[in-house]
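> Supplied in structure tokens, the structure appears directly below.
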Amino acid sequence: MIESKLISKALFSDKSVKSVNNLKDYAGIEYIASMNQTHSDLVTFVKSSAVYDSDGIYTEEPKLGLVVKTADCMPILLSDKKRIGAIHSGWRGLKSNILEKAIKKFDVNELSISIGPHAQSCCYEVKEDVKKYFNDYTELRDGMFFLNMSKVLKDLSEKEGFQVEVSSICTICNSSYNSYRENKTTARQFGVIWK
Numbered sequence: 114m115i116e117s118k119l120i121s122k123a124l125f126s127d128k129s130v131k132s133v134n135n136l137k138d139y140a141g142i143e144y145i146a147s148m149n150q151t152h153s154d155l156v157t158f159v160k161s162s163a164v165y166d167s168d169g170i171y172t173e174e175p176k177l178g179l180v181v182k183t184a185d186c187m188p189i190l191l192s193d194k195k196r197i198g199a200i201h202s203g204w205r206g207l208k209s210n211i212l213e214k215a216i217k218k219f220d221v222n223e224l225s226i227s228i229g230p231h232a233q234s235c236c237y238e239v240k241e242d243v244k245k246y247f248n249d250y251t252e253l254r255d256g257m258f259f260l261n262m263s264k265v266l267k268d269l270s271e272k273e274g275f276q277v278e279v280s281s282i283c284t285i286c287n288s289s290y291n292s293y294r295e296n297k298t299t300a301r302q303f304g305v306i307w308k
């Protein structure tokens, strides 16, 4: 488990955690809300334990934990004094501005964001069809383009003035994490946040 240094009640699992219930027990969370993630830009306000058709959820409920499941996409956990949130974002989410849409739901002056392990620029190769959306965030190496997704959020934090911490762990080259890019697994690791 990786506990956020920026958000007191937020953590990220590795692939050894097989069930959301393990996280629920570990964190002492009474109820869990999670997402049926589809690489959309939907950010949904939630009040109860359920699975929501969304790639972002946020709440003000004190006994409700929020879970995001990822393999290579960014698990993004958000917190201000009133609300918590969980966002799933890969390049499609970044392209559709899910981060900006989620941030608008929070007090940016009180906002802290933690990004867990995800596909990093060391390994995250993209083709021209993706690169064209992220010219400032791709690097050309050996004739291939590599995307730095977390830099998009870092730049947004500088512009908007909120705090952000980013895990340096790459899910593609670190065998402790599930990676769809590396081995087409359907298994996921979890990010969880609670109040």
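Counted from 1, the sequence shown has number 280 at position 167 by my numbering; the numbering is strictly sequential.
The beta-carbon is built from N, C-alpha and C at its ideal position, and this holds for glycine as well.
Only a predicted model underlies this, so the values are computations on that prediction, with no experimental measurement involved.
Identify every residue that forms a DSSP beta bridge with Met-257.
Stepping through the sequence shown from its first residue, residue 257 is reached at position 144. In DSSP, Met-257 forms a bridge with Arg-254.
> Can you give the beta carbon distance from Lys-214 to Arg-301, rounded, assuming they're within the 8 angstroms contact cut?
The residue you call residue 214 lines up with position 101 of the sequence shown. The residue you call residue 301 lines up with position 188 of the sequence shown. That pair is no contact at about 23 angstroms.
> For Cys-235, which beta-bridge partners are listed by DSSP?
For this step, residue 235 is matched to residue 122 along the sequence shown. None, per the DSSP bridge assignment.
> Kindly indicate the opening and closing residues of the alpha helix (DSSP H) around Glu-278.
As a working note, residue 278 is residue 165 in the sequence shown. Element bounds for Glu-278: not the alpha helix (DSSP H) but the beta strand (DSSP E), 276-279.
> Check Gly-304 in the structure and name its three-state DSSP category.
What you label residue 304 is simply residue 191 of the sequence shown in a count that begins at 1. Three-state DSSP puts Gly-304 in a strand.
> What's the call for Asn-291, buried or exposed, on a 16-neighbour Cβ count within 10 Å?
What you label residue 291 is simply residue 178 of the sequence shown in a count that begins at 1. It counts as buried.
> Looking only at its chain, what residues have a beta carbon closer than 6 angstroms to the beta carbon of Val-156, apart from the 5 residues adjacent to it on each side?
Working through the sequence shown from its first residue, we reach residue 156 at position 43. Gly-169, Lys-214, Ala-215, listed in sequence order.
> Does any C-beta atom of chain C lie closer than 8 angstroms to the C-beta of Tyr-250?
Among the chains in the structure shown there is no chain C, since it carries only a single protein chain.
> Got a sec, what are the start and stop residues for the alpha helix (DSSP H) Ser-270 sits in?
As a position in the sequence shown, residue 270 is number 157, starting the count at 1. Per DSSP, Ser-270 belongs to the alpha helix (DSSP H) from 262-273.
> Is Tyr-246 helix, strand or coil when you go by DSSP?
For this step, residue 246 is matched to residue 133 along the sequence shown. Looking at Tyr-246 - three-state DSSP - the assignment turns out to be coil, as it is neither helix nor strand.
> Along the chain, where does the alpha helix (DSSP H) that runs through Tyr-293 open and close?
Sequence index remark: in the sequence shown, residue 293 carries index 180 (1-based). Where Tyr-293 is concerned, the enclosing alpha helix (DSSP H) stretches over 293-296.
> Look at the alpha carbon of Trp-307 and the alpha carbon of Asp-220, and state the distance between them as a whole number of angstroms.
In the sequence shown, residue 307 corresponds to position 194, counting from 1. In the sequence shown, residue 220 corresponds to position 107, counting from 1. Rounded to whole angstroms, Trp-307 to Asp-220 spans 17 angstroms at the Cα level.
> Which residue wins for smallest C-alpha separation from Val-279, given the options Leu-253, Asn-149, Tyr-237, Ala-232?
Sequence index remark: in the sequence shown, residue 279 carries index 166 (1-based). Considering only alpha carbons, the answer is Ala-232.
> Rounded to the nearest angstrom, how far is the Cβ of Ser-162 from that of Ala-146, given a contact under 8 angstroms?
Here residue 162 refers to the residue found at position 49 of the sequence shown. Here residue 146 refers to the residue found at position 33 of the sequence shown. Confirmed, Cβ separation roughly 6 angstroms.
> Three-state secondary structure (DSSP) at Glu-174?
For this step, residue 174 is matched to residue 61 along the sequence shown. Three-state result, Glu-174: coil.
> Below 8 angstroms on the Cβ atoms is my contact criterion, and I expect Glu-295 with Ile-285 to pass it. Report the Cβ-Cβ distance as a whole number of Å.
Locating residue 295 in the sequence shown gives position 182, where the first residue counts as 1. Locating residue 285 in the sequence shown gives position 172, where the first residue counts as 1. About 5 angstroms separates the two Cβ atoms, so the contact holds.
> Taking only three categories from DSSP, how would you classify Leu-155?
Here residue 155 refers to the residue found at position 42 of the sequence shown. Residue state, collapsed to three classes: coil.
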